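Okay, so the sequence shown: first residue is 7 according to this note's numbering, each after it adds one. The C-beta atom is built at its ideal place from N, Cα and C for all residues, glycine as well. Computed from a prediction, not measured in an experiment: that's the story for all the values here. So the structure is just underneath, and the comments pick up after that.
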Amino acid sequence: TTETNSFFLHEEYVGEDGFKAHLASRHFAVCQAFFDTKPFVEGRQPVVDIFFGDHKALTRQNVPAFCLNVDLFPKPENRAEFVPTILNNKAGADNDEPLCLQYVWGESTTVP
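Right, here's the structure in full:
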């Protein structure tokens with residue numbers, strides 16, 4: 007993409023129950039509370055794709071995975087709060103969720 011403030015997340019969990027545990031976590035509640043402030047560019051709401059995967063996990067044994075990709079487009083004025091919110095959600099997923107196989111995120115490389 008060539009748009010500013012374009013972020014992409016990829017998460018993998020051990021089954022749908024692992025994802026549901028993530029949704030019930032305290033760190034996701036913080037993230038959701040921020041998302042509830044409607045920080046995204048009008049017309050560019052988050053896009054969430056959910057799928058089942060059966061591929062080798064990077065940090066764990068080969069297990070069937072419940073996967074999702076998310077495209078996020080925060081308003082420029084929300085960037086300062088958006089990045090720490092996502093970093094906190096990733097830290098919680100990585101450190102507090104044994105069923106989270108992978109949580110990666112990054113900003114579009116086509117935008118300075």
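Against chain E, does residue i count as a neighbour if the rule is that its beta carbon must be under 8 Å from one of theirs?
i, result
"A27", "Among the chains of the structure shown, chain E does not appear; only one protein chain is present."
Taking buried to mean at least 16 other C-beta atoms within 10 Å of its own C-beta, is residue i buried or exposed?
i, result
"N101", "exposed"
"P80", "buried"
"I92", "buried"
"A27", "buried"
Across which residues does DSSP place residue i in a beta bridge pair?
i, result
"E17", "L74 and Y109"
"V47", "Bridge partners of V47: none, in fact."
"D100", "Note: D100 sits in no beta bridge, so no partner."
Taking DSSP as the reference, what is the three-state secondary structure of residue i?
i, result
"D42", "coil"
"K26", "helix"
"P82", "helix"
Among the options, which one has its Cα closest to the Cα of residue i?
i, options, result
"T43", "N84, Y109 and E17", "N84"
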